[in-house]
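Chemist:
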Amino acid sequence: MTASEQAVYRRILHRETHSSRSLAAIVVASLTALVLVGAIAAVVGSLLNLRMRDALSTAVAAVVTAVDGRSLLIVAGAVGVVLAVALIALAVAPGRRARRGRIALRVAMLVDDGVLADAAADAVAARCEVARAQVVVTMARRRAAVTVVPISGVPVDAASAKAAAAETLAAVGFPTPTTAVVAAHGVIA
């Protein structure tokens, strides 16, 4: 495989494993443009038309007298803070989707974390001889967490569960550090 093909595969996998932030950017840019156009129209209109200037000053005076100026500033500040926190969260939050990708020979593979978790849970259930419904596997970005709820009175080895999940994930090409926990209280069969 050539370097250019690998670059194309990496770009495709990155696009599929990361969420786009273009919608948020478009909304912010559109709202900013609307506010600026409205402000420019008000300034130009008040400079060119005396009646509009009088109407604007009357409207502003009516709002100021009807609403306490201090409470208006507090509300405007609160709205600004909420908007700023939302935009900062969008900028800082990891835009990752629950998917993993890898390149093998001439194929780019994209696998959902839920599929990997189900495969690992099936392997753990088979090795520990428990029902599939009693095994939960959660795939985080850098690790897999296995939780087994045994049948009351039947011991389950956490190391065996951990090994089964780790071996399964490695066998499908997505080796991930794994932790395993066996619940202290079991279920009645």
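The numbering used here puts the first residue of the sequence shown at 79, with every later residue one more than the last. For each residue, glycine too, the CB sits at the ideal point set by N, CA and C. Because the structure is a prediction, the values reported are computed rather than measured.
1) When you compare only the Cα positions, how much space is there between L165 and A249?
2) Of all the options L247, F252, V227, which has the alpha carbon lying nearest to the alpha carbon of G264?
3) Would you call the stretch 185-198 and the stretch 227-236 in contact, with 3 or more CB pairs under 8 Å?
4) Can you look up I266 in the DSSP assignment and give me helix, strand or coil?
5) Would you check if the distance between the CB atom of A243 and the CB atom of A218 is smaller than 9 Å?
6) Pairing CB atoms from the stretch 81-91 with CB atoms from the stretch 154-173, are three or more of them under 8 Å?
7) Rounded to whole angstroms, what's the CA-CA distance from H96 to I104? Just pull it up for me.
8) Closest to M79 by CA distance: which of A258, A203, L183, R131 is it?
9) What is the rounded straight-line gap between the Cα of L150 and the Cα of G158?
10) Could you check what DSSP says for M217 in three-state terms: helix, strand or coil?
Modeler: Based on what the coordinates show:
1) Distance between the alpha carbons of L165 and A249: 41 Å.
2) Closest option to G264, judged by alpha-carbon separation, among L247, F252, V227: V227.
3) Fewer than three pairs of CB atoms, one per stretch, sit closer than 8 Å, so the stretch 185-198 makes no contact with the stretch 227-236.
4) I266 carries a coil assignment under DSSP once its states are collapsed to helix, strand and coil.
5) For A243 and A218, no; Cβs fall outside 9 Å.
6) Touching, no, given that fewer than three Cβ pairs across the two stretches are closer than 8 Å.
7) Taken atom to atom, the span from the alpha-carbon of H96 to that of I104 is near 18 Å.
8) For M79, the closest alpha carbon among the candidates A258, A203, L183, R131 is that of L183.
9) Those two C-alpha atoms are separated by around 12 Å.
10) DSSP places M217 in strand when its eight states are reduced to three.
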